Each structure stands twice: as C-alpha cells, then as structure tokens.
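Enquirer:
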C-alpha cells in the first residue's frame, strides 16, 4: 500500500501541529478503508476460520503490527469488513427518497448495486458466506441498522404507492428481490459466465443484466407499463 508524496509520514510530520493531526487522521481513515476492501478476497476465499493475519497483512499491504494497531484482532477486522460492505450497500439506496420519482430511483439503485457486484464481487461473497453460516457476526446489525434502513425505504415506496406512482407491492419483499437480482452477478459469477460461454463477466453481461432487471422491476411495479404492441 503506497502513500502519495503528500500522504507520507514524513510530509505529514512537516506540517504545522494542527494540520498534521488532521492529516494523520485522514491518512488513518484512508488506510482503514483500503484495508477493508483488500481484505474482502481473503475472507471470501478462506472464510473467517481459514484467514490468517499473515494472509490479511499480505493482501492489505500492511505489516502485521500495523494491522493489529488499526483493527486489533482478525475477528474485529472481519466484523468491520462486513459492516463496511453493508454501509456501501445502504448508501446505494440513497436514491430511494420521497422527492424522487420511483423509476429514476430504482434505476439508480439497481445500477449502483450492480456496480458493486462488478467491481467488488468478493464483498458480496463475504456477506453471502456470513449469512449462510447464520449471520453470527451480523445478527445485531441486521436486526437494528439494516431493519431501520429497510423500514425507511419501505415507507418511501409506500408513499409512492399511495400517490398512484406505482402498483401496490410489498415494499420489503421488493427490496429483497432487488438484493437477490443484483447480488447474484457477484455470488454466482462463475456459473453465469459458464452458461454464457465467457471466461468472466464483463461490461456487456452486466449491461444486459441491468437492462432486464430494470425492465422487470419497473413493469412489474406498474411504473413503466408495456406498450400496446407488447401486451
């Protein structure tokens, strides 16, 4: 993990005291964020039990001592990786808000979730593995933060339904289906690639998947009804 010239410890040390403290804090945040992203493949491939601090240090580019300094234990790093993944996904749902039009909101949300499946597939795999093993390290987070966010987005969707902007659907189950449709391109990428006869999923496959998901969701919710010729 290479620092830029302005982000190096030497450059930070040369700053005035107040600015140096802020620069150190910002640098620490950047190190943590990069480390969480780079730890995802290790946990996805080896699981929590199989991952070691040595393999995590190699993946993050940090000495083991620095890894312990920033995260303490392997278990704490794993928990932070999971929470960071969920935070990214929850941020993707910001397009679903009362002032938005449902078609625009769902298109943006689907695009954002698929971009994570394309660019950070191991994140989805880490999360799926955790859920398959009972969500031991996420149970409280799922029951509190995720539930709160889902309730918030469900209220927005219910508002659109009340305004006649979309058909009546169960908002929570709609969100579950959106998660499943977008995350399958990360969790089952090898299967999809094999069936499509390509070595790996690329821009063309993700674009095709996105277009169909958007079509199914908007038409299924009565947001973008088919033309008379297609009925």
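Residue numbers (the UniProt record's numbering): 1 to 231.
We treat Cβ as the ideally placed atom computed from N, Cα and C, and that holds for glycine.
Given the structure is predicted, the values throughout are model-derived calculations rather than measurements.
Would you give the residue range spanned by the alpha helix (DSSP H) that residue 159 belongs to?
Expert: 147-162
Enquirer: In the structure shown, what three-state DSSP assignment does residue 232 receive?
Expert: In this structure the chain extends from 1 to 231, so residue 232 is not present and cannot be described.
Enquirer: Within its chain, find whatever has a CB closer than 8 Å to the CB of residue 210; leave out the 5 residues flanking it on each side and keep chain order.
Expert: 110, 111 and 114
Enquirer: Run through DSSP, which three-state label would residue 221 get?
Expert: coil
Enquirer: What residue does the alpha helix (DSSP H) around residue 175 start on, and which one ends it?
Expert: 171-187
Enquirer: Nearest CA to the CA of residue 140: which residue from 79, 174, 37 and 155?
Expert: 79
Enquirer: Is the CB-CB distance between residue 205 and residue 196 below 9 Å?
Expert: yes
Enquirer: Where does residue 101 land, buried or exposed, given buried means 16+ other C-beta within 10 angstroms?
Expert: Around the beta-carbon of residue 101, fewer than 16 other beta-carbon atoms lie within 10 Å, marking it exposed.
Enquirer: Kindly indicate which three-state DSSP category residue 53 falls into: helix, strand or coil?
Expert: helix
Enquirer: Count the other CB atoms, across all protein chains shown, that sit within 10 Å of the CB of residue 176; report buried if there are 16 or more and exposed otherwise.
Expert: Counting every other CB atom within 10 Å of its CB across the protein chains shown gives residue 176 a total below 16, marking it as exposed.
Enquirer: Nearest to residue 222 by CA position, among 185, 84, 192 and 174, is which residue?
Expert: 174
Enquirer: Keeping to the same chain, check which residues put their C-beta closer than 7 Å to that of residue 47; ignore five residues upstream and five downstream.
Expert: Closer than 7 Å at Cβ, skipping near neighbours: 129.
Enquirer: For the 8 Å Cβ check, are there 3 or more pairs between the region 64-78 and the region 89-97?
Expert: No: fewer than three Cβ pairs fall under 8 Å.
Enquirer: Quick one: Cα of residue 44 to Cα of residue 163, how far?
Expert: 43 Å
Enquirer: Just to confirm the assignment, what range does the alpha helix (DSSP H) spanning residue 94 have?
Expert: Per DSSP, residue 94 lies in no alpha helix (DSSP H) and is assigned neither H nor E.
Enquirer: Which value, in whole angstroms, describes the spacing of the CA atoms of residue 220 and residue 168?
Expert: 10 Å
Enquirer: Below 6 Å CB to CB, which residues in the same chain sit around residue 216 once its five sequence neighbours on both sides are set aside?
Expert: none
Enquirer: Among the candidates 154, 126 and 67, whose CA atom is the shortest distance from the CA of residue 178?
Expert: 154
Enquirer: Can you tell which of 171, 180, 55 and 37 has the C-alpha that lies nearest to the C-alpha of residue 147?
Expert: The alpha carbon of residue 147 has as its nearest neighbour, out of 171, 180, 55 and 37, the alpha carbon of 171.
Enquirer: Would residue 85 be called buried (16 or more neighbouring beta carbons within 10 Å of its own) or exposed?
Expert: buried
Enquirer: In chain order, what residues of the same chain have a beta carbon less than 7 Å from the beta carbon of residue 127, not counting five sequence neighbours either side?
Expert: 82 and 85
Enquirer: Report the rounded CA-to-CA distance for residue 143 versus residue 212, giving the unit in angstroms.
Expert: Roughly 31 Å separates the two Cα atoms.
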